[in-house]
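Asker: Under mature numbering (1 follows the signal peptide of the UniProt record, and there is no 0), residues -21 to -1, 1 to 51 are what the sequence shown spells out, in order. What follows is a structure written as structure tokens; I'll ask about it next.
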Amino acid sequence: MKKIHLILLLPLVLVLSGCLEVEQHPAWMKGQYAGKKDPRHYQTLFHNDKLSWSAAIINRNAQQNEYNRANP
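Here it is in structure tokens:
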């Protein structure tokens, strides 16, 4: 008798488990995104200087290149 109750309860549990889905999309008001604007890395770390930020990224990538590091 207990197996029958478990078998009948299983579909109900499976159906109700999908009801806990939370909306994960950002809110839009008047056709625009209503969330906080995230600053870019060059704005916070390099005082809004894109050129120095780009140079730092290029230098970092050049140091991570194994072909340049291994060959003298």
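Where is the CB? At the ideal position from N, CA and C, for every residue including glycine. None of these values were measured; they are calculated from a predicted model.
Quick one: grab the DSSP three-state call for Q43.
Answerer: Q43: coil per DSSP, three-state reduction.
Asker: On a Cα-Cα basis, can you pick out the residue from K9, H26, P5, F25 that is closest to K16?
Answerer: P5
Asker: Might you give, ordered along the chain, the residues of its own chain that have their beta carbon closer than 8 Å to the beta carbon of F25, omitting 5 neighbours on each side?
Answerer: Within the same chain, F25 has close Cβ partners S31, W32, A35.
Asker: Alpha carbon to alpha carbon, how far is residue 53 from H20?
Answerer: One cannot answer for residue 53 here, as it falls past the ends of the chain, which runs -21 to 51.
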